[in-house]
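Undergrad: Okay, handing you the structure first.
2 protein chains.
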Amino acid sequence: MPERLLIIGGDAAGMSAATNARRHLGPDRLEILAFERGNFTSYSACGIPYYVGDVVGDVDRLIARTPEEFRDRSAIEVRIGHEVTEIDLDGRAVRVRDLATGVETREGFDQLVLATGAVPKRPQLPGSDARGIYGIQVLDDGTAVRDVLAKEEPKHAVIVGGGYIGLEMAEAFKLRGLQVSVVDKHEQPMSTLDPDMGALVTKGLCDLGIDVYLNEAVTSFDTDSGKVCGVVTGQRTLPADIVVLGLGATPNRELADKAGIPVGPSGGVVVDRRMRTKAEGVWAAGDCTEKYHRISRRAVAIALGTHANKEGRIAGINIGGGYATFPGVVGTAVTKVCGVEVARTGLRESEATEAGFEHLSVIVESTTRAGYYPGASPIKIKLVVEKRSGKLLGAQIVGREEAAKRIDALATALWNEMTVDEMLNLDLSYAPPYSPVWDPILIAARKAWSQVQETLSEC
Amino acid sequence: MPERLLIIGGDAAGMSAATNARRHLGPDRLEILAFERGNFTSYSACGIPYYVGDVVGDVDRLIARTPEEFRDRSAIEVRIGHEVTEIDLDGRAVRVRDLATGVETREGFDQLVLATGAVPKRPQLPGSDARGIYGIQVLDDGTAVRDVLAKEEPKHAVIVGGGYIGLEMAEAFKLRGLQVSVVDKHEQPMSTLDPDMGALVTKGLCDLGIDVYLNEAVTSFDTDSGKVCGVVTGQRTLPADIVVLGLGATPNRELADKAGIPVGPSGGVVVDRRMRTKAEGVWAAGDCTEKYHRISRRAVAIALGTHANKEGRIAGINIGGGYATFPGVVGTAVTKVCGVEVARTGLRESEATEAGFEHLSVIVESTTRAGYYPGASPIKIKLVVEKRSGKLLGAQIVGREEAAKRIDALATALWNEMTVDEMLNLDLSYAPPYSPVWDPILIAARKAWSQVQETLSEC
């Protein structure tokens, strides 16, 4: 009789775990059953803003694999619209509710994967539970917002919080012809960047006709018959037919907490390198787990599809009897908002300080192609570097087309703990359509190395 | 009285050495005099095809700094149209000919920088010295070809050899409305790639109406009154009003040879890590030197502006009393030909074999953006990997827009001697406008790691 693997959560992490376990163990060895609260499996949550903005016309295009495909190709059974409400560790079973009928059942397991994802942060403010206020986390959120656009024809959209998803949604609404405002309590949006780099994002947003209100905290939401109609800050009330929360997300820890599966200070489920939780036979992967940050050497919660896929794969390999470990993250992220490309990796200044590093920073301005080559567009690169050692601690890029993806070379340098002295002679590619003869990354490393040397000579 | 630094060659390497030496030592400590055989200083040789193709309209745009600017800003004297014909090491002097007047003078030096660049390979065949056959190395070559286009209105261009510069010139001629043929004796053009990847370049060329003749060696050139009119191969005679040699370039070693300054088996001047030649007080930098290849651990001659700039900088810092070393190269190169983006780093298969590695290769096809995101274009990545260790040995990319510059992350991984097992979990950036959720590099690493594991289990 086969062992039974239950998966809680049918997106990237859970279904990667399922398919990778299946690759190692056939149905005669392992039965796999996945529960997904929503209506979709293996979709691109990162694609939601593009679906809302009608850059992608059909929701099916965001779906990598349907429940039918999992069944037919991998002998994995998926029950959508089914929510796991409780894990009974001692009884080796979960309680599952069919959301359509309300019927609850009990399903036994030998192995269990927690892939419950993350939940958007929602401020506890007057009116914050009103209709028309959306967090964007699962594909059902995307279809709901797109339905509102089609049926209610909202005119005014307000984005609360200038994180990645918030700004991507701002662009989506702009593309759909709405008047769009972004309200952020921080000095600049995109607070994963230092404020000086975030200011470049603000400029890009303003250039495209998005109203940006900074240093403004939302204090309440005006409502009309239970539906949002305004966003109130200390300084003003913004009319709002639809509101999106772009305040980030936190690991969905509820089931783990109830079952007594340990959660770390980051808020994510604690896992070892093989993605095992502290509970025997229970694994976790994706946005619900905490990750080791290789530069700060701390556990962090970062909700990102790329990590979810990797962690799910690793959990699946280990469940299947193989061996794989997750080496951690360096905090790389990238987005594109209204033509402004933004990327970061490692630690920004405040994070570097918080982790105990003495550091210095440099910013260089360059171009994405040789200055004389048509289409050369501006790129600004900021490096955060440890004093004395000259080790790279973090990097940020803001620019126009062909700028942001360059962060990958910096993320790889960071991963390998390179110093800016080593980096400035890296054999990066050069031809006029791709960079000046000194690649912007090399220029930044060269400038940072000069600064490090100056600091050393002052000691 | 200041020391005297002479520079032979006024482009990237020589003038970087000059300006970096000047940064450390003022005119009271160091007199700097540079000789340049041609008419331009500090120009982008890599920009020549774009000037010929009229993508760049004005030759001045290719010039980073003129002799006047060197004089006024850096107190560096440059004599253009002056060729150094001999180095007298014992007498600490060079012989210089003013090419306009033929007058020869002798100039003493304390320190000397050889930055004589490279010379295009020219086959010794009947007719190969005819007018109308151009190597493309210095900016004067570019202005000469552009003059021919303007004055002689050639109809048929033939490129002999499918290297980078040859293919870039093929595109330039195509842009100018000529009928263009490329003749290459190899199985595929761009022989710095493996043939399977080179075939993708051929397809791109053919799609754009360039005639490509492969496995065809040129046997002679037909001439008419001393001017080329045809390119003869074993199979055909191609009409030719203008011919460009794209057979690569070799270090310009003539002066070094005559002076007894050692040249290595690669053909380049031998230098130590600080860019010192074997002769006291004589430095060398740029295309004329040989470079340490970090993966093959051999000396190689690679003519490339990015190395020339780095080496020149390092020579200048050391001449100025500072300390800097050149860590070598990994063989990164990139180009764009008629919309086909091509990049490589490290060793291709035949080079890996030649260096003694047992290796395997994988090729993956992916897209430059999420499949559902508009503008996703194809990208093929090939990795060459050492068997057993799984260490990356080389990578090649062929694709359309936004493909090639991704080689930098691979070059950085290679530089740090990463295994594909380590690479497959690299924290590379992901958002739908930039890559699928599994970045193509990670997909390639994952596939390569599977292959390595299979090979291991066969042992």
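Quick mapping for you: the protein sequence lines, in order, are chains A and C.
With this note's numbering applied, the first sequence covers 1 to 459.
With this note's numbering applied, the second sequence covers 1 to 459.
Note that beta-carbon positions come from the ideal geometry of N, C-alpha and C, so glycine has one too.
Pull up the distance between the alpha-carbon of G394 of chain C and that of L414 of chain C, whole angstroms please.
TA: If you number the second sequence from 1, residue 394 of chain C lands on position 394. If you number the second sequence from 1, residue 414 of chain C lands on position 414. Between G394 of chain C and L414 of chain C, the C-alpha separation is close to 7 angstroms.
Undergrad: Quick one: does A130 of chain A have its CB under 8 angstroms from some CB of chain C?
TA: On the first sequence, position 130 is the one that residue 130 of chain A refers to. No, A130 of chain A lies away from the interface with chain C (no Cβ there is under 8 angstroms from its Cβ).
Undergrad: Who pairs with K258 of chain A in a beta bridge, going by DSSP?
TA: Reading the first sequence from its first residue, position 258 is the one you call residue 258 of chain A. BP columns for K258 of chain A are empty, so no partner.
Undergrad: Is there a Cβ from chain A that is less than 8 angstroms from the Cβ of V330 of chain C?
TA: Your numbering for residue 330 of chain C matches position 330 in the second sequence. Yes, its Cβ sits closer than 8 angstroms to a Cβ of chain A.
Undergrad: May I ask which residues mark the beginning and end of the alpha helix (DSSP H) holding G198 of chain C?
TA: Reading the second sequence from its first residue, position 198 is the one you call residue 198 of chain C. Unbroken alpha helix (DSSP H) run through G198 of chain C: 195 to 207.
Undergrad: Among A:D241, A:G102, A:R97, A:C206, whose alpha-carbon lies nearest the alpha-carbon of V145 of chain A?
TA: In the first sequence, counting from the first residue as 1, residue 145 of chain A sits at position 145. With distances taken between Cα atoms, V145 of chain A lies closest to A:D241.
Undergrad: Would I80 of chain C and G38 of chain C be called neighbours here (beta carbons separated by less than 8 angstroms)?
TA: Residue numbering aside, residue 80 of chain C sits at position 80 when the second sequence is read from its first letter. Residue numbering aside, residue 38 of chain C sits at position 38 when the second sequence is read from its first letter. In this structure, G38 of chain C lies closer than 8 angstroms to I80 of chain C by Cβ.
Undergrad: The beta strand (DSSP E) that contains R344 of chain A, what's its start and end?
TA: Counted from its first residue, the first sequence places residue 344 of chain A at position 344. Per DSSP, R344 of chain A belongs to the beta strand (DSSP E) from 340 to 346.
Undergrad: Mind checking who E386 of chain C pairs with in its DSSP beta bridge?
TA: By 1-based counting over the second sequence, the position of residue 386 of chain C is 386. Its beta-bridge partners are C:H359.
Undergrad: Can you pull the chain A residues whose beta carbon is under 7 angstroms from the beta carbon of I407 of chain C, in chain order?
TA: The count along the second sequence starts at 1 and reaches residue 407 of chain C at position 407. Under the 7 angstroms cutoff, chain A gives S429.
Undergrad: Assign C206 of chain A to buried or exposed, taking buried as 16 or more other Cβ atoms, counted over all protein chains shown, within 10 Å of its Cβ.
TA: In the first sequence, residue 206 of chain A corresponds to position 206, counting from 1. Exposed, because fewer than 16 other Cβ atoms sit within 10 Å of the Cβ of C206 of chain A.
Undergrad: Quick one: is A411 of chain C near chain A, going by C-beta distance under 8 angstroms?
TA: On the second sequence, position 411 is the one that residue 411 of chain C refers to. Yes, A411 of chain C lies at the interface with chain A (some Cβ there is under 8 angstroms from its Cβ).
Undergrad: Is Y50 of chain C helix, strand or coil when you go by DSSP?
TA: Walking along the second sequence from the start, residue 50 of chain C turns up at place 50. DSSP places Y50 of chain C in helix when its eight states are reduced to three.
Undergrad: Does DSSP classify Y434 of chain C as helix, strand or coil?
TA: In the second sequence, counting from the first residue as 1, residue 434 of chain C sits at position 434. Residue state, collapsed to three classes: coil.
Undergrad: Going by C-alpha to C-alpha distance, which of C:G305, C:A259, C:G57, C:E341 sits closest to Y372 of chain A?
TA: As a first step, residue 372 of chain A must be located in the first sequence, where it is residue number 372. Answer by Cα proximity: C:G57.
Undergrad: Under 8 angstroms Cβ to Cβ from T41 of chain C, same chain only, skipping five residues before and after it: list those, please.
TA: The residue labelled residue 41 of chain C in the question sits at position 41 within the second sequence. Taken in chain order, the residues that qualify are G10, D11, M15, A34, I63, R65, T66, P67, F70, V78, I80.
Undergrad: Using a Cβ cut-off of 9 angstroms, pull out every chain C residue sitting near F326 of chain A, in sequence order please.
TA: Mapped onto the first sequence, residue 326 of chain A falls at position 326. The contacting residues are N425.
Undergrad: Quick check: does the Cβ of H293 of chain C come within less than 7 angstroms of any heavy atom belonging to the ligand GTP?
TA: Judged by which ligands are present, the structure shown has none, so any question about the ligand GTP falls away.
Undergrad: Counting only runs that start and end within the segment 12 to 67 of chain C, where is the alpha helix (DSSP H) found for 4 or more residues in a row?
TA: 12 to 24, 48 to 52
Undergrad: Can you tell me which of A:L214, A:T277, A:A93 puts its alpha carbon nearest to the alpha carbon of L6 of chain A?
TA: Working through the first sequence from its first residue, we reach residue 6 of chain A at position 6. Of the listed residues, the one whose Cα sits closest to L6 of chain A is A:A93.
Undergrad: In whole angstroms, give me the CA-to-CA distance for A403 of chain C and D28 of chain A.
TA: Indexing the second sequence from 1 puts residue 403 of chain C at position 403. Indexing the first sequence from 1 puts residue 28 of chain A at position 28. Their backbone Cα atoms lie some 43 angstroms apart in a straight line.
Undergrad: Are the Cβ atoms of V160 of chain C and V183 of chain C separated by less than 8 angstroms?
TA: For this step, residue 160 of chain C is matched to residue 160 along the second sequence. For this step, residue 183 of chain C is matched to residue 183 along the second sequence. Yes, Cβ-Cβ distance for V160 of chain C and V183 of chain C is below 8 angstroms.
Undergrad: Look at the alpha carbon of I76 of chain C and the alpha carbon of A18 of chain C, and state the distance between them as a whole number of angstroms.
TA: Along the second sequence, read from residue 1 onward, the residue named residue 76 of chain C stands at position 76. Along the second sequence, read from residue 1 onward, the residue named residue 18 of chain C stands at position 18. Their Cα atoms are separated by approximately 7 angstroms.
Undergrad: Helix, strand or coil: how does DSSP classify D408 of chain C here?
TA: The sequence position of residue 408 of chain C within the second sequence is 408, counting from 1. Helix at D408 of chain C.
Undergrad: Does any residue of chain C bring its CB to less than 8 angstroms from the CB of A249 of chain A?
TA: In the first sequence, residue 249 of chain A corresponds to position 249, counting from 1. It does not: the Cβ of A249 of chain A has no partner Cβ on chain C nearer than 8 angstroms.
Undergrad: Does any CB atom of chain A fall closer than 8 angstroms to the CB of Y323 of chain C?
TA: Position 323 of the second sequence holds residue 323 of chain C. No, Y323 of chain C does not count as interfacial toward chain A.
Undergrad: Between the segment 124 to 139 of chain A and the segment 213 to 222 of chain A, do at least 3 Cβ pairs fall closer than 8 angstroms?
TA: yes
Undergrad: What residues in the segment 334 to 360 of chain A bring their beta carbon closer than 9 angstroms to a beta carbon of chain C?
TA: V334, T335, K336, E341, A343, R344, T345
Undergrad: Who does H293 of chain A pair with in a DSSP beta bridge?
TA: Along the first sequence, one-based indexing puts residue 293 of chain A at 293. Paired residues: A:R298, A:V329.
Undergrad: Counting pairs of Cβ atoms below 8 angstroms between the segment 382 to 391 of chain A and the segment 342 to 352 of chain A, do you hit three or more?
TA: Counting Cβ pairs under 8 angstroms, three or more are found: they touch.
Undergrad: Which of the residues in the segment 282 to 311 of chain A, read from start to end, lie with their CB under 9 angstroms from any CB of chain C?
TA: R294, L304, G305, T306, H307, A308, N309, K310
Undergrad: Whose Cβ in chain C lies nearer than 9 angstroms to the Cβ of G142 of chain A?
TA: For this step, residue 142 of chain A is matched to residue 142 along the first sequence. None at all; the shortest Cβ gap to chain C is about 13 angstroms.
Undergrad: What are the uninterrupted segments assigned as alpha helix (DSSP H) that are 4 or more residues long and contained completely in the segment 55 to 126 of chain A, given in chain order?
TA: 67 to 74
Undergrad: Name, in chain order, the residues that DSSP records as bridge partners for Q188 of chain C.
TA: Numbered from its first residue, the second sequence carries residue 188 of chain C at position 188. In DSSP, Q188 of chain C forms no bridge with anything.
Undergrad: Need the endpoints of the beta strand (DSSP E) that T219 of chain C sits in, please.
TA: For this step, residue 219 of chain C is matched to residue 219 along the second sequence. Where T219 of chain C is concerned, the enclosing beta strand (DSSP E) stretches over 218 to 224.
Undergrad: Can you give the Cα-Cα distance for K155 of chain A and Q179 of chain A, rounded to whole angstroms?
TA: Taking the first residue of the first sequence as position 1, residue 155 of chain A is located at position 155. Taking the first residue of the first sequence as position 1, residue 179 of chain A is located at position 179. Their Cα atoms are separated by approximately 6 angstroms.
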